[in-house]
Amino acid sequence: MTQGHERWFSSPVIYVIETRTNRNHRPSSSPIRVADMFLCACLYTPPPEVRGMISLDREAFSRTVTVPALRVQKEVLGKLVKSLKKVALHLPGVKRVLEDDDKHRLLLLDPTRVSSPSSFGETETQALEKLGVPLELHSHELRLTYGNLKADEVLRAVLPEGQDVTSGFSRVGHVAHLNLREHQLPYKNLIGQVIMDKNSGVTCVVNKTNTIDSTFRTFQMEVLAGDGNMVVKVRENGLPYEFDFSRVYWNPRLSTEHERVVGLLQPGDTVMDVFAGVGPFAIPAAKRGCNVLANDLNPESHRWLSHNCRLNKVEHRLRVFNMDGRAFIRGPLREALPALMKGTAGIHIVMNLPALALEFLDAFQGLLGQEPDQNQSVSILPEVHCYGFSKEGDPSRDIVERASRSLGISLDGHCSIHMVRNVAPNKEMMCISFSLSKDVLFSNVIEDTPEEPAPKRQKCEEPE
Numbered sequence: 211m212t213q214g215h216e217r218w219f220s221s222p223v224i225y226v227i228e229t230r231t232n233r234n235h236r237p238s239s240s241p242i243r244v245a246d247m248f249l250c251a252c253l254y255t256p257p258p259e260v261r262g263m264i265s266l267d268r269e270a271f272s273r274t275v276t277v278p279a280l281r282v283q284k285e286v287l288g289k290l291v292k293s294l295k296k297v298a299l300h301l302p303g304v305k306r307v308l309e310d311d312d313k314h315r316l317l318l319l320d321p322t323r324v325s326s327p328s329s330f331g332e333t334e335t336q337a338l339e340k341l342g343v344p345l346e347l348h349s350h351e352l353r354l355t356y357g358n359l360k361a362d363e364v365l366r367a368v369l370p371e372g373q374d375v376t377s378g379f380s381r382v383g384h385v386a387h388l389n390l391r392e393h394q395l396p397y398k399n400l401i402g403q404v405i406m407d408k409n410s411g412v413t414c415v416v417n418k419t420n421t422i423d424s425t426f427r428t429f430q431m432e433v434l435a436g437d438g439n440m441v442v443k444v445r446e447n448g449l450p451y452e453f454d455f456s457r458v459y460w461n462p463r464l465s466t467e468h469e470r471v472v473g474l475l476q477p478g479d480t481v482m483d484v485f486a487g488v489g490p491f492a493i494p495a496a497k498r499g500c501n502v503l504a505n506d507l508n509p510e511s512h513r514w515l516s517h518n519c520r521l522n523k524v525e526h527r528l529r530v531f532n533m534d535g536r537a538f539i540r541g542p543l544r545e546a547l548p549a550l551m552k553g554t555a556g557i558h559i560v561m562n563l564p565a566l567a568l569e570f571l572d573a574f575q576g577l578l579g580q581e582p583d584q585n586q587s588v589s590i591l592p593e594v595h596c597y598g599f600s601k602e603g604d605p606s607r608d609i610v611e612r613a614s615r616s617l618g619i620s621l622d623g624h625c626s627i628h629m630v631r632n633v634a635p636n637k638e639m640m641c642i643s644f645s646l647s648k649d650v651l652f653s654n655v656i657e658d659t660p661e662e663p664a665p666k667r668q669k670c671e672e673p674e
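Residue numbers for the sequence shown follow the working numbering, beginning at 211 and rising by one.
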């Protein structure tokens, strides 16, 4: 090191060498204060002019920053990188090791962790000394672009300060599904483009524009970015599904719940899925060796459910129906029950329509008529797994009371409750499981088969 390229400063007391590299990464040295080298606690602050951007201009995010670097002999570089991995620079699309001369390389460091030689820990300092690397910081000018930023970093720079930033979304195959808030709507197309840019495999971004229509559990959506192709391919718990996301209901957050319920089943059991959708309960149940009756009112769900049966090669175990849920209970389900209840295999009835399913439980009252004939044996009772939303302080108690009212019999002490997930603040999705007693199935209740309960035509406040 030649005289004049070193400097002591009274505040802070740091030994610094600056190297500014040209296009060939050959450094030229000049003395600077470290306080001037790394002024910002963060590595990159987007240019202020991107604030309020409506149409995405990727070039506007480009900026040159200065980062610290160590000049390292080639032969010890590998060992040093391992020792300094906590303080080395980690940025998408940025190489942390650059060419210098024939014998040296520049190792770029994270300026949020290293601002002076004293920033190195004891272990790191010992490694530098052992490998003979001078404890001298060089500065390197680095051109950072839109490609080096994460989605949330871009959106934080664009949206007005103090407002929530949306970088989270539900992904269904190649489609990213957003639920934007009112203040984010002016930036919706930019947000969609950023989400697509920053997530490999996402080729379409949509925003929900209304509440779920409880009739078919679908919602209106607006394409924010991408090709608009809504026919997706997904895998859940190892099984493939295909469907038109814009015309059926699918919630990727329920995979654990689907797996939990299917785990209760045994080969040879019978499963009756009243609101089957495209088959997230029915298909794995059939794969497990169960006999399945699966129903959905939505013609598109019925079509894709049939398609997924063929896709998973379970057509021989699964019968598909396109009916109202109440009609399915009073029809195919009732016809199958008497023979099944004489056997020994389990019978499971799944009712996954949380906004309304509890109101359908009254369809089981008197389902099999009055008291069974004395010659008619009943060796096993159906087990019901029914889902519901609750906003009450004690959601378990709320679900039990509502289910009891629909059945006309108290379930208190005769059921189990499982909390599925928190849907929204003070709103839980719950599953109540219980055996359908003979007191419910055999009663003097007059059969009532309305076309549909009134709430069926209402809107659900939240998706399941």
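C-beta: ideal position from N, C-alpha, C; glycine also.
All values reported here derive from a predicted model rather than from experimental measurement.
Report the partner residues of residue i according to the DSSP bridge assignment.
i	result
Phe531	Asn505
Lys637	Ala634
Val275	Leu352
Pro643	Looking at the sequence provided, one finds Ser at residue 643 rather than Pro. For Ser643, which the question treats as bridged, DSSP gives the partners His595, Ser626.
Met431	Lys418
Arg381	Ala386
Leu280	Leu317
Find the nearest neighbour of residue i within the set the options, judged by alpha-carbon distance.
i	options	result
Lys497	Ala298, Thr480, Ser328	Thr480
Met640	Ala435, Gly598, Gly436	Gly598
Glu446	Gln575, Gly383, Leu395	Gly383
Ala337	Thr274, Tyr397, Lys289, Arg261	Lys289
Val472	Leu521, Thr355, Ile264, Val502	Val502
His350	Arg306, Leu388, Pro548	Arg306
Cys596	Arg323, Ala634, Val484, Val444	Val484
Pro321	Ser265, Glu339, Glu332, Leu301	Leu301
Gln476	Gly553, Gly487, Ala495, Met482	Ala495
Gly487	Gly499, Glu469, Tyr459	Tyr459
Ile539	Val594, Leu521, Ala565, Leu515	Val594
Leu571	Glu452, Ser616, Pro509	Ser616
Leu646	Pro592, Leu345, Asn636	Pro592
Leu347	Leu449, Asp604, Leu318	Leu318
His517	Thr333, Val560, Ala492, Ile559	Ala492
Pro509	Asn532, Gly489, Gly499	Asn532
Gly448	Pro258, Leu521, Thr333, Glu339	Leu521
Val364	Val291, Ala565, Pro256, Val343	Pro256
Gly378	Leu388, Glu259, Pro370, Gly372	Leu388
Tyr451	Gln394, Gly499, Trp514	Trp514
Lys340	Lys313, Leu369, Leu352, Val282	Val282
Pro675	Asn636, His393, Leu352	This structure gives no information on residue 675, because the portion of the chain shown stretches from 211 to 674.
Only counting the same chain, and skipping five residues up and downstream in sequence, which positions put a Cβ closer than 6 Å to that of residue i?
i	result
Gly478	Ala555
Ala435	Gly402, Gln403, Met406, Val415
Ala245	Residue placement at Ala245 cannot be trusted, given a pLDDT of 34 that sits under 50; the coordinates are not used to answer.
Arg268	Tyr356
Leu578	Leu651, Phe652
Arg544	Leu577
Val324	Pro278, Val297
Leu507	Asp534
Ile559	Met482, Pro592, Val594
Leu287	Arg315
Ordered along the chain, which non-local residues of its own chain (more than five positions away) have a Cβ less than 7 Å from that of residue i?
i	result
His526	none
Asp374	Arg391
Lys398	Leu390, Asn417, Leu434
Lys408	Lys360, Ala361
Thr419	Gln430, Met431, Glu432
Asn654	Gly576, Gln580
His624	Phe644
Under three-state DSSP, which class holds residue i?
i	result
Glu492	For the record, residue 492 in the displayed sequence is Ala; it is not Glu. DSSP places Ala492 in helix when its eight states are reduced to three.
Asn654	coil
Arg268	helix
Met687	Absent from the model: residue 687. The displayed extent of the chain is 211 to 674, so no value can be given.
Asn409	coil
Asp622	coil
Lys648	helix
Arg544	helix
Cys596	strand
Leu395	helix
Thr480	strand
Glu602	coil
Val457	Before going on, a small fix: residue 457 reads as Arg here, not Val. Three-state DSSP puts Arg457 in coil, outside helix and strand.
Pro683	Because the chain spans 211 through 674 in this model, residue 683 falls outside it and cannot be assessed.
His387	strand
Gly553	coil
Lys497	helix
Val185	Lying outside 211 to 674, the shown extent of the chain, residue 185 is not represented and no answer is given.
For residue i, which residues in the same chain have their Cβ closer than 8 Å to its Cβ, ignoring the five residues on either side in sequence?
i	result
Arg463	Ser380, Arg631
Gly412	Correcting the residue type first, residue 412 is Val in the shown sequence and not Gly. If we look at Val412 and ignore the five residues flanking it on each side, its Cβ neighbours are Arg381, His384, Val385, Ala386, Ile405, Met406, Gly436.
Asp622	Val610, Ser614
His468	Glu446, Asn447, Pro490, Phe491, Pro494
Exercise for the section: Pick out the complete alpha helix (DSSP H) segments inside the stretch 299 to 362, 4 residues or longer, and give them in chain order. Expected result: 332 to 340
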